[in-house]
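A short write-up of the structure that comes next.
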Amino acid sequence: DAGVTQSPTHLIKTRGQQVTLRCSPKSGHDTVSWYQQALGQGPQFIFQYYEEEERQRGNFPDRFSGHQFPNYSSELNVNALLLGDSALYLCASSLSVTQYFGPGTRLLVL
Amino acid sequence: GIQVEQSPPDLILQEGANSTLRCNFSDSVNNLQWFHQNPWGQLINLFYIPSGTKQNGRLSATTVATERYSLLYISSSQTTDSGVYFCAVGVSSGGSYIPTFGRGTSLIVHP
Chain U
844 DAGVTQSPTH
854 LIKTRGQQVT
864 LRCSPKSGHD
874 TVSWYQQALG
884 QGPQFIFQYY
894 EEEERQRGNF
904 PDRFSGHQFP
914 NYSSELNVNA
924 LLLGDSALYL
934 CASSLSVTQY
944 FGPGTRLLVL
Chain B
35 GIQVEQSPPD
45 LILQEGANST
55 LRCNFSDSVN
65 NLQWFHQNPW
75 GQLINLFYIP
85 SGTKQNGRLS
95 ATTVATERYS
105 LLYISSSQTT
115 DSGVYFCAVG
125 VSSGGSYIPT
135 FGRGTSLIVH
145 P
């Protein structure tokens with residue numbers, strides 16, 4: 844049984860560019876959440892998708908958007924990248940309350 | 035929102051030592067998880083423990099929900115225990131649950 848997978852593992856972008864990160868949930872999980880983890884901090888909640896709809900959203904600007912597909916996989920899009928968007932982006936999937944995390948995508952914005 | 039404080043922020047141990055990590059939270063919760071983040075960034079579930087005590091090998095956890103804290107015990111520590119330990123808490127409502135993470139305890143175990 845494959846766990847949560849994310850792609851790519853690493854990414855380097857320049858300010859102003861756009862980026863798309865991808866997540867495949869654990870088999871049988873229907874809910875996907877995205878988190879941003881800055882260096883030395885705990886993960887911060889971005890948003891959660893359930894049944895292809897954004898169910899909840901954290902305190903992140905509209906530059907951060909997402910999508911969930913019928914197979915429950917998900918994308919995180921960030922527009923107009925800023926230096927401060929450099930972080931580890933984590934995806935978590937769940938069926939109930941217990942969340943399982945993927946390995947993350949390390950984004951560096953230059 | 036809920037405030038989560040973890041202590042100590044940093045911990046350095048010799049292999050074989052025991053340790054206790056603490057998580058305090060500011061409001062009533064019905065969900066609490068402990069995670070271990072390895073040096074490559076992977077968050078690994080350790081315990082789902084909104085109340086009571088659980089044990090898994092050398093690790094155990096206790097949550098006293100009425101007093102708003104949880105403890106993670108690591109016995110006979112090994113170098114592979116190194117990493118950051120996070121506590122995440124929250125309240126589930128209508129099938130939705132958004133955990134709030136603490137800042138973590140960074141553990142280094144020396145051989």
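Chains U and B supply the protein sequences, listed in that same order. Going by this note's numbering, the first sequence opens with residue 844, and the numbers climb by one from there. Going by this note's numbering, the second sequence opens with residue 35, and the numbers climb by one from there. For glycine and all other residues, C-beta sits at the position ideal for the given N, C-alpha and C. Please read all numbers here as calculations on a predicted model, not as lab measurements.
Inset, instruction - Spell out a yes or no on whether the segment 123–137 of chain B and the segment 935–948 of chain U are touching, meaning 3 or more CB-CB pairs, one atom from each, closer than 8 Å. - result: By the criterion of at least three beta-carbon pairs nearer than 8 Å, the segment 123–137 of chain B is in contact with the segment 935–948 of chain U.
Inset, instruction - Please check if any C-beta of chain U sits within less than 8 Å of the C-beta of residue 132/B. - result: Answer yes: the Cβ-Cβ gap between residue 132/B and chain U drops below 8 Å somewhere.
Inset, instruction - Using a threshold of 8 Å, state whether the C-beta atoms of residue 52/B and residue 108/B are closer than that. - result: Judged by beta-carbon spacing, residue 108/B lies within the 8 Å limit of residue 52/B, meaning their Cβ atoms are closer than that value.
Inset, instruction - Run down chain U in chain order and give the residues with a C-beta less than 8 Å from the C-beta of residue 58/B. - result: For a Cβ distance threshold of 8 Å, nothing in chain U lies close to residue 58/B: the least Cβ distance comes to about 14 Å.
Legend entry - residue 852/U vs residue 913/U beta-carbon contact at 8 Å: Note that the C-beta distance between residue 852/U and residue 913/U is not below 8 Å.
Legend entry - Nearest candidate by alpha-carbon position, reference residue 906/U, set 916/U, 923/U, 891/U, 917/U: Checked all of 916/U, 923/U, 891/U, 917/U; the closest Cα to residue 906/U is 923/U.
Legend entry - Limits of the beta strand (DSSP E) - the one that residue 857/U falls within: For residue 857/U, no beta strand (DSSP E) segment is defined, and its DSSP state is neither H nor E.
Legend entry - Buried or exposed (CB count within 10 angstroms, at least 16 for buried), residue 65/B: Its Cβ being crowded by 16 or more others within 10 Å, residue 65/B is buried.
Legend entry - Whole-angstrom distance between residue 857/U and residue 91/B, CA atom to CA atom: Rounded to whole angstroms, the separation of the alpha carbons of residue 857/U and residue 91/B is 46 Å.
Inset, instruction - Report buried or exposed for residue 883/U, applying the criterion of at least 16 other Cβ atoms within 10 angstroms of its Cβ. - result: Of the residues assessed, residue 883/U falls on the exposed side of the cut-off, its CB having fewer than 16 other CB atoms within 10 angstroms.
Inset, instruction - Pick helix, strand or coil for residue 941/U, following the three-state DSSP scheme. - result: Note: residue 941/U maps to coil in three-state DSSP.
Inset, instruction - Show which residues of chain B have a CB atom less than 7 Å away from the CB atom of residue 933/U. - result: Ordered by position in chain B, the residues that pass the 7 Å Cβ test against residue 933/U are 77.
Legend entry - Chain-order list of residues whose beta-carbon lies under 7 Å from that of residue 97/B (same chain, five-residue window excluded): Setting aside the 5 residues that flank it on each side, residue 97/B is surrounded in the same chain by 66, 83, 84, 85, 86, 104, each with a C-beta closer than 7 Å to its C-beta; the list follows chain order.
Legend entry - chain B contact for residue 904/U (CB, 8 Å cutoff): Answer no: the Cβ-Cβ gap between residue 904/U and chain B never drops below 8 Å.
Legend entry - Three-state secondary structure assigned by DSSP to residue 86/B: Taken through DSSP and simplified to helix, strand or coil, residue 86/B comes out as strand.
Inset, instruction - Ignore the nearest five residues each way along the sequence and tell me which others in residue 117/B's own chain have a CB closer than 7 Å to its CB. - result: Hits under 7 Å: 70, 71, 72, 73, 141.
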